[in-house]
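The sequence shown lines up with residues 5 to 189 when you count with our numbering.
Heads up, the beta-carbon is just placed ideally off N, CA and C, and yes, glycines get one too.
Note that the coordinates shown come from a computational prediction; the quantities given were computed from them, not determined experimentally.
Below is one structure, written out as structure tokens, with a few remarks after it.
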Amino acid sequence: PAIDPSRRVLGVIRPTVESIGAITQSKHIGVLATVGTIKSESYPLEIYKLFPDIQVSSEACPMWVSLVENNETYSQGVDYFIQRHVDNLLHKDPQIDTIILGCTHYPLLIHTIMQYVPEGIRVVSQGEYVAISLKEYLYRHPEMNEKCTRGGNCVFYTTEAEEKFSESASVFLNSGVDVHKMTLG
């Protein structure tokens, strides 16, 4: 779809990738992400544009999003799936010293992920780098910063059951949300 020229889109991949060159010492990066993200090769493509000498190994983690969305971040299944995928990734390249969590859901699993990541390997989440990138962008573009509202409220619309959406959202936001059901089409 076409993007309204008055709107700006800040992605989550590019800000993370821009920082990765300063983080890795071994020049070997691992990416844990959804099947779609891995198949798209978004991270390797962006990394190679900026850092052609960095080696990228990827591992799809298809169950991780479901575990988060079903509020099973501390279940026994979490340990099994996380250990399996971390081990698979590190088996592909034992020189990995930095792992990117390539999905916005994955930081909610960080407590378990860190149990299976060997000491000395840094785990990087997108959120911090996206926030820094947005802050820098707004500083460089005060006209966009002036368009940002302050002190507003959030209303969420969903096509799924309102209660299920509210439960999932509360996992991310640590509070209840105002949810309204809508029908598309």
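Environment of residue i [buried if 16+ CB atoms lie within 10 Å]
i: P19; result: buried
i: H109; result: buried
i: V35; result: buried
i: S46; result: buried
i: Y133; result: buried
i: S137; result: buried
i: L94; result: buried
i: I13; result: Inspection of the sequence shows that residue 13 is occupied by Val rather than by Ile. Exposed, since its Cβ has fewer than 16 Cβ neighbours within 10 Å.
Endpoints, alpha helix (DSSP H) assigned at residue i
i: S23; result: 17-27
i: L14; result: It is not in any alpha helix (DSSP H) - L14 carries neither H nor E in the DSSP assignment.
i: E150; result: 146-151
i: A173; result: 166-177
i: T116; result: 114-120
Beta-carbon proximity of residue i to residue j, cut-off 8 Å
i: C107; j: V69; result: yes
i: I104; j: V128; result: yes
i: E22; j: L54; result: yes
i: T102; j: A64; result: no
i: R126; j: I27; result: yes
Boundaries (first-last residue) of the beta strand (DSSP E) holding residue i
i: T102; result: 102-105
i: Q59; result: 59-64
i: I33; result: 32-37
i: F160; result: 160-162
Same chain, Cβ closer than 6 Å to residue i, five either side skipped, listed in chain order
i: D182; result: V159
i: N92; result: E63
i: A173; result: V181
Contact set for residue i: own chain, Cβ-Cβ below 7 Å, skip 5 residues either direction
i: S170; result: G180, V181, V183
i: I86; result: L113, T116, I117, Y120
i: Q29; result: D101
Contact test: residue i Cβ vs the ligand ADP heavy atom, cutoff 7 Å
i: Q87; result: With respect to small molecules bound, the structure shown includes none, and the ligand ADP cannot be examined in it.
Proximity test, Cβ basis, 8 Å: residue i and chain B
i: S23; result: Reference to chain B is not applicable here, since this structure consists of a single protein chain.
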